[in-house]
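These notes are about the structure you will find just below.
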Amino acid sequence: MDNYIVSARKYRPSTFHSVIGQKALTQTLKNAISSGKLAHAYLFCGPRGVGKTTCARIFAKTINCLHPTADGEACNECESCKAFNEQRSYNILELDAASNNSVDDIRQLTEQVRIPPQIGKYKVFIIDEVHMLSTAAFNAFLKTLEEPPHHALFILATTEKHKILPTILSRCQIYDFQRITTADTVEHLQYVASQEGVAAEPEALSVIAQKADGGMRDALSIFDQVVSFSNGNITYQSVIENLNVLDYEYYFSLTDTFLRNAVPEALILFDKILKKGFEAQYFISGLSNHFRDLLVCKDPITLPLLEVGPATAQRYAEQAKQCSNEFLYKAIELSNRCDLNYRNSNNKKLLVELTLIQLCQLTAAKNSQPEQQPTLQKVSPAAQTVPQRSFSPIQNAPTEQKRTVTTNATVASSAQTSTGTRATETIQTDKTVVNKAQLNELPNNQHPAQKPKPRTIPIPSISIKKPIIETKEQVQETRKDVDMNNSFSEEDLQKAWIKFTNTIPTETVLVNTMRTCPPKMLNATDFEVVVDNKEQLDRLNERGTDLMQFLKKELKNTRISMRPRESEKQEKHKAFSQRERFDLMVQKNPNIMHLKDKFGLELA
């Protein structure tokens, strides 16, 4: 127990080659070391647990290695490398900016920069979480960072580059670390599991990698936690129980209920998920990701975007075949909309349940379309036959009689499905009607020897002439009701005008305009409104439609017409000097000049 080391420290990379998921960046650093083109300051940026501090330490060890390899790696055998591996090297100093963020701490760092290294070429200063430095500390660090001694090299690491001063950024070479992919994380976890002698299912490691969200340190910490929980046998079930992760099976079952329009089953499944302790927002977010994963399975080009284990990927492929693209598009939109509105909802559970009901209705609406829009089917001749009559036709009667068949337009859909396409038919013949008296007067030889064949009637049709006439009459009646021409006075108009302002209390500009600019009647139906400026005219025109509808309703006159316009601008008066004002006064009253001369007055 005393010798136990967590996996994040035990399997921490010691060379550039062993760094996971940052191949382009490590290759750049190795090339810089091999060519001897080293900058005096580096800035490593990226999310947590992706290797920023690890690469800084490897870089510091490699540039001080006495016998580096040809590909730019440290030998791990010289005195400098051994001192670094045993954590007794004086050439590397690490500073935590979160706890050493004052000007005094930077001043002490500046004094240490002057001391050259005892062994090796460079003295490396690694400042972690550099964004935590105060503004004063940044400013105190500027000069040293810009022109350090030739033996000093700074490596700054941060997770929030946007908080660093631009003057610091301009003095550093910036390297952006990317999140480690799920595939790389799973591969490294399999390596660690094999080294530790732990049996692990690929599906379980995939869940751990997704939970880590691109951070290898988080993945290894979760791995140690699950190993302790499962006693060295990591299974998918043990991982989801220990990490409190919602099982994929719930999402697959829910999608099946959506496809079957089973609303009760969907609500029951959601209730089970809540009883397990999962939050509704966590569930709806996972459901959105599930629909997204189904969508990427529809096309082989996007299949690499599916970051799950082999068995789960097979389940996704099978269910994706049952889902149409249109269903998935709408499902993603509904679930994402629910996720966005979740925080502002007062009844969060009802919001999610309503979304589940809408998801169930996506395919239900499609299946019910034929029932909502029935179409007339052609009646077969067999269905059109009429029972045989007990009399024979008369020779003198015309062989073809005009028949008008009218069908009832409203046919119950249940009758169509049970008895076929049948319509209520009324056969109206011409004035030639056969009665029993005429039948009795017929001689026997006029009756045909053969039995008459069953007669057929034309296919039922719907008469549209009558509905059109009725529609025109309704429109004319509506126009009569709408067309009102009651007389009104200017006082009535102004009362209705002010009454409209009470309906728009928030539109201050328009309300003030209408109250200060009353309408003036031009004739029996037209009135004019004169406003002071263009802004008032624009506001009045914007509300013109609503205003006119209100006035027509209040005054019961549909022929009202408004003519708004802007008032003519008055000519601006010129500012006169004292001499000009005096001359104007003299022109109006010449005695003023005599008064001035008499008393010897002068203009000031």
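Once you know that position 469 of the sequence shown is 469 in the UniProt record's numbering, the rest is easy, because the numbers rise by one and skip nothing. We put the CB at the ideal spot given by N, CA and C, even for glycine.
Same chain, Cβ closer than 7 angstroms to residue i, five either side skipped, listed in chain order
i: P149; result: V113 and R114
i: L305; result: V296
i: N435; result: Confidence at N435 is low in this model, with a pLDDT of 45, below 50, so the placement of that residue is unreliable and no value is reported for it.
i: A8; result: R217, L220 and S221
i: F138; result: L165 and I168
i: P564; result: V529, V531, L537, L540 and N541
i: F223; result: S7, L189, V192 and I208
i: T185; result: A209, A212, M216 and A219
i: Q319; result: F252, T255 and L294
i: S345; result: L351
Own chain partners of residue i with C-beta closer than 8 angstroms, once the 5 adjacent residues on each side are dropped
i: I504; result: L510, V511 and R543
i: L169; result: L43 and K161
i: N589; result: none
i: K330; result: L362
i: V226; result: A204, I208, I234, S238, V239, N242 and L243
i: T332; result: Rather than Thr, the amino acid found at residue 332 in this sequence is Ile. The residues are S288, F291, R292 and L295.
Alpha-carbon spacing of residue i relative to residue j, whole angstroms
i: A157; j: P47; result: 10 angstroms
i: H252; j: Y11; result: According to the sequence shown, residue 252 is Phe rather than His. Rounded to whole angstroms, F252 to Y11 spans 37 angstroms at the Cα level.
i: N486; j: D538; result: 30 angstroms
i: E263; j: K272; result: As written in the sequence, residue 263 is Val, which differs from the Glu given in the question. Whole-angstrom Cα-Cα distance: 15 angstroms.
i: L547; j: L274; result: 52 angstroms
i: R315; j: D299; result: 15 angstroms
i: I240; j: M216; result: 19 angstroms
i: V198; j: Q178; result: 29 angstroms
i: E568; j: P518; result: 17 angstroms
i: P116; j: N64; result: 13 angstroms
i: N289; j: A183; result: 18 angstroms
i: N244; j: K211; result: 10 angstroms
i: E77; j: K23; result: 24 angstroms
i: K37; j: T135; result: 31 angstroms
i: L66; j: T53; result: 22 angstroms
i: A311; j: Q108; result: 57 angstroms
i: residue 606; j: R581; result: With the chain covering only 1 through 604, there is no way to say anything about residue 606.
i: K552; j: T506; result: 23 angstroms
i: T159; j: A313; result: 33 angstroms
i: F283; j: T302; result: 24 angstroms
i: L340; j: E307; result: 24 angstroms
i: M593; j: F576; result: 19 angstroms
i: F327; j: K321; result: 12 angstroms
Rounded Cβ spacing between residue i and residue j (contact assumed at less than 8 angstroms)
i: residue 606; j: K348; result: Nothing can be reported for residue 606, as the shown portion of the chain is limited to 1 through 604.
i: A317; j: C297; result: 5 angstroms
i: Q173; j: A41; result: 7 angstroms
i: F154; j: I127; result: 7 angstroms
i: G214; j: I180; result: 5 angstroms
i: M132; j: N101; result: 5 angstroms
i: E566; j: N533; result: 7 angstroms
i: Y236; j: E203; result: 4 angstroms
i: V6; j: P13; result: Their Cβ separation, rounded to whole angstroms, is 15 angstroms, which puts V6 and P13 out of contact at 8 angstroms.
i: E196; j: I234; result: Actually they do not touch by this definition, with Cβ atoms about 11 angstroms apart.
i: D96; j: E129; result: 7 angstroms
Any non-hydrogen atom of the ligand ADP within 7 angstroms of residue i CB
i: I498; result: As far as ligands go, the structure on display features none, and thus does not contain the ligand ADP.
Same chain, Cβ closer than 6 angstroms to residue i, five either side skipped, listed in chain order
i: E571; result: Below a pLDDT of 50, predicted positions are generally treated as unreliable, and E571, at 45, falls in that range; no measurement from the model is reported.
i: E146; result: R171
i: L25; result: Y175
i: A60; result: I92 and V124
Beta-carbon gap between residue i and residue j smaller than 8 angstroms
i: T355; j: S335; result: yes
i: M514; j: E490; result: no
i: T167; j: L142; result: yes
i: V103; j: A140; result: yes
i: L246; j: F270; result: no
i: S80; j: G120; result: yes
i: V352; j: A266; result: no
i: S238; j: S230; result: yes
i: L555; j: A496; result: yes
i: A364; j: N261; result: yes
i: F488; j: F550; result: no
i: F125; j: I58; result: no
i: G309; j: S194; result: no
Interface flag, residue i vs chain B, CB-CB below 8 angstroms
i: L306; result: The displayed structure is made up of one protein chain only, and chain B is not part of it.
Do the stretch 557 to 567 and the stretch 521 to 528 meet, that is, are 3 or more Cβ pairs less than 8 angstroms apart? Yes, they touch.
Does the stretch 248 to 268 come close enough to the stretch 346 to 363 that 3 or more CB-CB pairs lie under 8 angstroms? Verdict: yes, contact present.
Any 3 or more C-beta pairs closer than 8 angstroms across the stretch 26 to 37 and the stretch 65 to 75: yes
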